[in-house]
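For reference, each letter of the sequence shown is one residue, going 58 to 681 in my numbering. Take a look at the structure below.
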Amino acid sequence: YYTITSTEPCTINGKSYSGRAKLVKAKITGNAVASGDACTVPDYITINKNQYAVTCIGEEAFDISVQTVVAGCNNVDSVLYKAFDSERKLLRLALPNVSYIGEEAFDDCSSLASITWGSNLKYIGAYGLCNTAITSDIILPYGFKELYGYAFKGVKTKKIHIPSSTSIINKYAFVGMSSLTELILNRGYFETQTFDFSNVPTSCVVRVPVEWQAYAKVHNDWKRFTNIYPGAYDFCNGGPANATSTAYKMTVTSATPVTKDGVTYDGTAKYVYNEQVKKANAFYPSLCEIDEMLGGDKKYLITEIGDSCLNGSSVSTVSLTAAKYLERIGKKAFGGSAVYSITIPENCTKFGTEAFSNATSLNDLTILGTNNRSWDGQFVGNNASGFTMYISHQRVNGYLTSNLKNWVFSGTTNMVKDHVAPFINATTETFNLGQSMPLDFAASGLKAYIVTNYNEKTKMLTTQEVTQVPGNTGVIVTGLTVGKINKIKRATSAPTMPANLLYASPTSSEDLYTLPYAYYYSRGNKKFVKPTSTYKSGIGYSYLWLKENPSTEYYLDLYPPTPSGVKGDVDGNGEVDITDANILINIVLGKDSASNYGGRADVTGEGDIDVSDINSVLNIILGK
58 YYTITSTEPC TINGKSYSGR AKLVKAKITG NAVASGDACT VPDYITINKN
108 QYAVTCIGEE AFDISVQTVV AGCNNVDSVL YKAFDSERKL LRLALPNVSY
158 IGEEAFDDCS SLASITWGSN LKYIGAYGLC NTAITSDIIL PYGFKELYGY
208 AFKGVKTKKI HIPSSTSIIN KYAFVGMSSL TELILNRGYF ETQTFDFSNV
258 PTSCVVRVPV EWQAYAKVHN DWKRFTNIYP GAYDFCNGGP ANATSTAYKM
308 TVTSATPVTK DGVTYDGTAK YVYNEQVKKA NAFYPSLCEI DEMLGGDKKY
358 LITEIGDSCL NGSSVSTVSL TAAKYLERIG KKAFGGSAVY SITIPENCTK
408 FGTEAFSNAT SLNDLTILGT NNRSWDGQFV GNNASGFTMY ISHQRVNGYL
458 TSNLKNWVFS GTTNMVKDHV APFINATTET FNLGQSMPLD FAASGLKAYI
508 VTNYNEKTKM LTTQEVTQVP GNTGVIVTGL TVGKINKIKR ATSAPTMPAN
558 LLYASPTSSE DLYTLPYAYY YSRGNKKFVK PTSTYKSGIG YSYLWLKENP
608 STEYYLDLYP PTPSGVKGDV DGNGEVDITD ANILINIVLG KDSASNYGGR
658 ADVTGEGDID VSDINSVLNI ILGK
């Protein structure tokens with residue numbers, strides 16, 4: 058009753074076998090119903106001490122007089138043509154690993170009320186489950202490929218779910234499903250295929266991908282349905298028990314494994330629109346989601362918030378922090394929602410048209426990172442009156458010179474470009490900033506300074522605190538929180554500024570080595586240094602530009618150099634050289650004051666500054 062189909066060793070469900078076998082013909086006694094016996098399809102058969110996995114139920118295998126229950130079938134991968142003919146009394150069947158259900162496999166098994174399969178199912182042939190007594194939901198797993206005509210004709214099931222992996226759906230696949238109340242079709246077949254929906258109620262709710270809803274409503278085959286909605290999906294977190302209640306439903310975007318941070322995922326997925334998430338108050342997407350719909354455990358990396366995912370929702374709180382490999386925010390994904398603040402992860406580089414538009418409570422959109430980004434069209438507008446889009450100080454100019462510069466925020470003159478401001482991802486508590494728009498540091502909770510003068514002898518820069526600055530102003534910003542995003546608010550006015558020796562480079566990066574008397578800011582040392590080779594100022598930064606450059610470095614009076622503790626180091630730069638001797642000469646000649654050097658000018662420690670101090674420094678320089 059079994060035929061060996063392969064002698065190639067295999068491993069199925071974690072167990073190794075010498076090959077594969079097919080059930081050719083089942084045998085059962087005529088009193089099976091009376092005795093309550095069941096025909097069992099074993100996991101394997103033993104021939105000459107070798108175990109062969111039973112992976113196939115062959116053509117017309119159950120050509121027997123009576124049958125109530127088929128048990129076992131744990132290794133069965135395929136059920137072939139007319140495996141169970143119309144006379145059988147089959148009640149229920151579990152096929153946890155089946156991938157192939159052939160033509161007429163269960164045709165006219167009128168007593169078959171329950172059939173279950175796992176996540177491996179790929180194929181259901183014509184008339185495969187025709188005229189069975191199945192009433193439970195038919196959920197085809199992600200990975201399913203081919204569904205043929207009349208497969209479910211005459212069944213009484215109320216719901217059928219077709220995943221996005223399905224590549225073939227026969228025109229007559231849904232014919233005769235007269236009890237159907239919900240069809241979830243997660244594919245866009247409308248433009249390329251016709252369907253015959255004979256006997257399917259016109260009141261059946263049809264759920265399609267959101268981008269296909271409008272087309273489906275007017276398509277000849279589909280417009281017969283009175284209820285066509287967006288909301289198709291492949292799986293939901295929490296498995297089938299939560300299929301009607303979870304706020305998180307996903308469509309697989311790739312089944313190619315991907316590895317991040319040493320972890321390999323089975324593919325990638327996106328969150329999609331559904332009625333539950335629309336009614337939720339908060340949205341917290343994860344790094345990955347697990348498909349548990351049919352007992353599976355495939356793990357998909359989340360890379361997208363799909364088109365219209367939260368469009369018009371009551372969601373007010375959103376955190377995308379966990380979804381750090383998010384790549385795209387879809388068209389109208391947050392449009393018209395109640396969200397008030399969103400921070401976009403660094404890896405997210407694509408925005409769909411109107412991704413955040415008409416979210417009238419949205420006050421803060423922070424776009425992390427310095428990556429180049431692309432968008433299909435205007436993605437903000439008609440947000441809260443105080444809306445600000447915070448961009449890395451290095452990338453602000455890139456946004457302002459893109460087509461964003463022509464976007465109208467609301468009305469006819471309120472432009473999106475007037476709602477853009479910089480942020481600093483601080484690695485030190487001070488920063489040299491230069492932006493093209495007016496900025497308000499008091500409102501940002503930070504302090505900012507310009508440089509008004511300098512002293513060649515002391516190598517000291519004179520600073521002046523400012524609370525607001527006009528555009529194209531270089532400043533030193535202090536009070537930054539290291540390791541956090543520090544947002545700089547725009548100023549509503551542009552105050553008049555005194556002369557400032559700090560120059561902004563908001564739109565281009567200057568080579569400070571080629572500029573006479575130009576200095577870059579060394580944030581770690583809190584001083585300005587003259588470059589000794591090519592040194593780019595960087596876009597969005599500021600630099601010091603003097604009338605002359607007698608010194609290689611200058612200190613801010615906010616952060617004067619501390620005494621080095623080295624004898625003879627009058628200027629406190631950590632070295633004893635001719636500059637220290639010249640300072641002492643000027644002090645002795647009355648051209649400079651010892652008070653400028655914090656006691657370091659008294660090299661001999663005698664209490665007076667005289668020739669002996671000069672000679673002491675010269676001896677140190679000469680190594681005496």
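The C-beta atom is built at its ideal place from N, Cα and C for all residues, glycine as well. A quick note: this is a predicted structure, and the numbers were derived from the prediction, not measured.
(message) Determine, for L569, whether the minimum Cβ-Cβ distance to residues of chain C falls below 8 Å.
(response) Among the chains in the structure shown there is no chain C, since it carries only a single protein chain.
(message) Nearest by alpha-carbon distance to W174: which of G182, C130, I102, V212 is it?
(response) C130
(message) Is it buried or exposed, V375, if we count other Cβ atoms within 10 angstroms and call 16 or more buried?
(response) Answer is buried; the Cβ neighbour count reaches 16.
(message) Check this for me: beta carbons of N105 and D134, under 8 Å apart or not?
(response) no
(request) Would you check if the distance between the CB atom of Y199 and the CB atom of S222 is smaller than 8 Å? (result) yes
(message) Which same chain residues end up closer than 7 Å to G426 when comparing Cβ atoms and leaving out the 5 residues on each side of it in sequence?
(response) So the list reads E403, S449, once near-sequence residues are dropped.
(message) Tell me the DSSP secondary structure of K274 in three-state form.
(response) Here K274 sits in helix by DSSP.
(message) Taking 6 Å as the limit between beta carbons, can you name the residues of its chain near G233, skipping five residues before and five after?
(response) The answer, listed in chain order, is K210, G211, N256.
(message) Can you find the residues in the same chain that come closer than 8 Å, C-beta to C-beta, to A91, ignoring five residues on each side of it along the sequence?
(response) With a pLDDT of 41 at A91, under the threshold of 50, the modelled position of that residue is not reliable, and no figure is offered here.
(request) Report the three-state DSSP secondary structure of H476 (helix, strand or coil). (result) Looking at H476 - three-state DSSP - the assignment turns out to be helix.
(message) Using 8 Å as the threshold, is the C-beta distance between A441 and L422 below it?
(response) Taking C-beta atoms as the reference points, A441 and L422 fail to come closer than 8 Å.
(request) Output the distance between the C-alpha atoms of S608 and P563, rounded to the nearest integer angstrom. (result) The straight-line gap from Cα to Cα measures roughly 27 Å.
(request) Round the Cβ separation of A505 and I533 to the nearest angstrom and send it over; I've been treating them as touching at under 8 Å. (result) 7 Å
(request) Give the straight-line distance between the Cα atoms of N188 and S236, rounded to the nearest whole angstrom. (result) 13 Å
(request) Could you pull out every residue in the same chain whose Cβ sits closer than 7 Å to the Cβ of E513, ignoring the five residues on either side in sequence? (result) P607, S608
(message) Assuming contact is defined by CB atoms lying nearer than 8 Å, are I644 and A638 in contact in what I supplied?
(response) The Cβ atoms of I644 and A638 do not sit closer than 8 Å to each other.
(request) May I have the straight-line CA-CA distance separating L152 from V136, to the nearest angstrom? (result) 9 Å
(message) Under 8 Å: do the stretch 599-606 and the stretch 614-632 share three or more Cβ pairs, one atom per stretch?
(response) no
(request) Measure the Cβ-Cβ separation of I359 and L383 and say whether it is below 8 Å. (result) yes
(message) Once DSSP output is grouped into helix, strand and coil, what is the label at G129?
(response) strand
(request) Give every residue of the same chain whose Cβ lies closer than 6 Å to the Cβ of V263, excluding the five residues on either side of it in the sequence, and list them in chain order. (result) L240, F282, I285
(request) Using DSSP bridges, identify the partner residues of Q684. (result) There is simply no residue 684 to check, as the chain begins at 58 and stops at 681 in what is shown.
(message) Threshold first: 4 residues or longer. Then list the alpha helix (DSSP H) segments lying entirely within the stretch 416-461, N to C.
(response) Those alpha helix (DSSP H) runs which fall completely within the stretch 416-461 and span 4+ residues are 453-457.
(request) From the DSSP output, in three-state form, read off S654 for me. (result) In the sequence as displayed, the identity of residue 654 is Tyr instead of Ser. If DSSP states are grouped into helix, strand and coil, Y654 belongs with the helices.
(message) Determine whether the beta carbon atoms of Y322 and C345 lie at a separation below 8 Å.
(response) yes
(request) Could you check which residue in I196, G159, S156 has the C-alpha nearest to that of S171? (result) Proximity to S171 across I196, G159, S156 peaks at I196, based on C-alpha coordinates.
(message) Within the continuous alpha helix (DSSP H) that includes T545, where are the two ends?
(response) Before going on, a small fix: residue 545 reads as Ile here, not Thr. Taken as a continuous stretch (DSSP letters only), I545 belongs to no alpha helix (DSSP H), as it is neither H nor E.
(request) Within 10 angstroms of the Cβ of Y58, are there 16 or more other Cβ atoms? Answer buried if so, exposed if not. (result) Counting C-beta atoms within 10 angstroms of its own C-beta, Y58 has fewer than 16 neighbours from the protein chains shown and is therefore classed as exposed.
(message) Within 10 Å of its beta-carbon, does V508 have 16 or more other beta-carbons around it, so buried, or fewer, so exposed?
(response) buried
(message) Are the CB atoms of L367 and P342 within a distance shorter than 8 Å?
(response) no
(message) V267 and S365 - do their beta-carbons sit closer together than 8 Å?
(response) Yes, the Cβ-Cβ distance between S365 and V267 is below 8 Å.
(message) Can you check which of these residues, G647, T515, G455, T445, is closest to F466 by C-alpha distance?
(response) Out of G647, T515, G455, T445, T445 has the C-alpha closest to the C-alpha of F466.
(request) Enumerate in chain order the residues of its own chain whose CB-to-CB distance from N331 is below 7 Å, with the five nearest sequence positions on each side excluded. (result) G288, Y290, K306
(request) Could you check which residue in G159, A190, R149, I191 has the C-alpha nearest to that of L178? (result) Minimum Cα-Cα distance from L178 among the listed residues G159, A190, R149, I191 corresponds to G159.
(message) Does the beta-carbon of G71, which I'm using as the reference point, lie nearer than 7 Å to any heavy atom of the ligand NAD?
(response) Absence of the ligand NAD is noted for the structure shown, with no ligands found whatsoever.
(message) What does the alpha-carbon distance come out to for the pair L641 and K604?
(response) 25 Å
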